Amino acid sequence: MKRFNRICVLVLDGFGVGELPDAKAFGDVGSNTLAHLYKVRPQLSLPHLEKLGLLKAAGLDSSLPIMSGAAFGKMKEISAGKDTTTGHWEMMGLPVQESFSYFPNGFPKDIMDAFLKRNSLPGYLGNKPASGTEIIKELGEEHLQSGKPIVYTSGDSVFQIACHEEGFELERLYNVCLETRKILSESPFKVGRVIARPFLGTTSESFKRSTNRKDFSLKPFGETCLSKLKAHHFGVIGMGKIPSIYDGEGITESIISKTDDEGIDKLKEVLKSKQDFKGLVFCNLNDLDTLYGHRRNPGGYAQHLEHIDKRLPEILKTLEPNDLLVITSDHGNDPSFKGTDHTREYVPLVMYSPSLKTSIDLNKRESFCDLGQSILDNFEIKGLPNGKSFLPELGA
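For the numbering used here, count along the sequence shown from 1 and bump the result up by 36.
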């Protein structure tokens with residue numbers, strides 16, 4: 037079997053293609069990120085993703101033929117969650133069978149007491165589930181006056197800390213987050229991420245989150261595709277928030293990007309400049325999730341997805357004959373659905389390689405782990421306990 041030299045996994049964060057069978061347990065019956073975009077924007081145009089098989093994978097009508105070299109399907113999540121950490125860990129072969137800790141009523145007193153003491157803080161504001169943009173409108177001015185950080189959570193396993201980038205100082209915020217990560221790691225709670233959420237502005241009307249977000253994640257509690265690739269001396273380039281999701285485990289090179297356009301630009305640079313590279317290029321594009329999904333802005337989501345689709349040929353042109361591009365997601369985030377949280381959905385699995393001579397239907401995959409298992413199979417590394425490789429189906 038012919039092997040790929042470079043596999044590029046591009047994660048469109050928060051992009052689902054229909055509710056999972058267990059959606060009821062998550063309150064997500066009826067969610068379908070992609071299908072609902074077409075209801076909101078019937079003229080939605082995604083020609084390049086459509087020709088890679090996205091619509092067929094999602095069970096939607098498609099008017100364009102699927103191009104040779106494309107493969108398509110969708111993946112089911114088996115982990116006990118629907119958050120960023122869970123989805124990314126599972127796609128690299130590590131399902132999260134025991135749920136992370138969640139805090140619908142805010143964080144307990146002993147955690148918050150340690151937060152104040154170990155960070156030498158005068159107090160805190162919030163400590164409740166909230167929209168990040170709304171809570172800085174609500175509490176931002178009080179934060180500027182008092183110097184007290186704004187603490188909030190969401191439907192994810194996250195401890196988020198919002199502070200004014202200039203008034204509180206960015207490095208100080210990062211240090212507070214690092215110490216909070218230590219506090220939580222020493223506690224009985226399993227919190228996926230501590231997130232620094234700096235913002236700018238002078239009044240509630242002008243406050244706006246900056247691009248200097250930083251995540252402080254748990255280390256994966258088992259082997260992943262990334263750690264096995266690194267151990268076998270293959271490269272693993274993590275782009276965007278990928279390195280932080282795995283706390284650097286298994287990453288051989290980190291490349292920061294703060295917007296989707298910057299991420300696409302840097303991905304193109306990597307693929308053009310590293311033609312002798314062997315291994316995995318792993319890139320997360322986060323704007324669909326953060327800017328439009330959580331904010332329940334279906335029109336903005338649809339427009340941004342069209343923008344990504346328009347830029348897709350730029351990536352395809354950089355692929356060498358022995359490259360494989362995989363486009364997928366970590367969870368749904370239906371901007372037309374109730375609430376502000378992620379949605380329990382299938383995620384797309386669409387791919388392209390110049391070396392594939394036909395279009396291939398990969399159907400429904402029973403776990404995100406199939407992706408990690410396929411990557412290991414490609415590089416002839418012994419697989420992990422979960423997942424089934426789809427590499428034989430590609431006939432590469």
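Glycine included, C-beta positions come from ideal geometry on N, C-alpha and C. Since we're looking at a predicted model, the values are computed, not measured.
The DSSP-derived three-state label of threonine 189 is strand. Per the C-alpha coordinates, the member of Arg42, Asn41, Phe51 positioned closest to leucine 341 is Phe51.
Nearest to aspartate 251 by C-alpha distance, out of Ile287, Gly271, Ser242, Gly276, is Gly276. If the five residues before and after serine 425 are omitted, its C-beta is found closer than 6 Å to the C-beta atoms of Gln409, Ser410, Asp413, all from its own chain and listed in chain order. Per DSSP, the continuous alpha helix (DSSP H) segment holding alanine 93 begins and ends at 90-93. Residue Ser99 holds the alpha-carbon nearest to the alpha-carbon of glutamine 79 among Ser99, Lys92, Asp64. Straight across, the Cα-Cα distance linking leucine 48 with tyrosine 160 is about 34 Å. When the beta-carbon positions are compared, aspartate 370 and serine 67 come within less than 8 Å of each other.
Note on threonine 238: under 16 other CB atoms within 10 angstroms of its CB, so exposed under the neighbour-count rule. One alpha carbon belongs to tyrosine 328, the other to aspartate 301, and they sit about 21 Å apart. By the 16-neighbour rule on beta-carbons within 10 angstroms, asparagine 320 is buried. In the displayed model, alanine 106 falls within a strand according to three-state DSSP. One alpha carbon belongs to proline 140, the other to valine 194, and they sit about 11 Å apart. Non-local beta-carbon contacts of alanine 59 in its own chain, meaning distances under 6 Å to residues more than five positions away in sequence, involve Val65, Arg380 in chain order.
Sixteen is the threshold: when 16 or more other Cβ atoms of the shown chains lie within 10 Å of the Cβ of lysine 118, as they do, the residue is buried.
CA-CA distance, proline 349 to proline 390, rounds to 13 Å.
The Cβ-Cβ distance between valine 272 and threonine 295 does not fall below 8 Å. Closest option to histidine 124, judged by alpha-carbon separation, among Tyr282, Gln196, Pro384: Tyr282.
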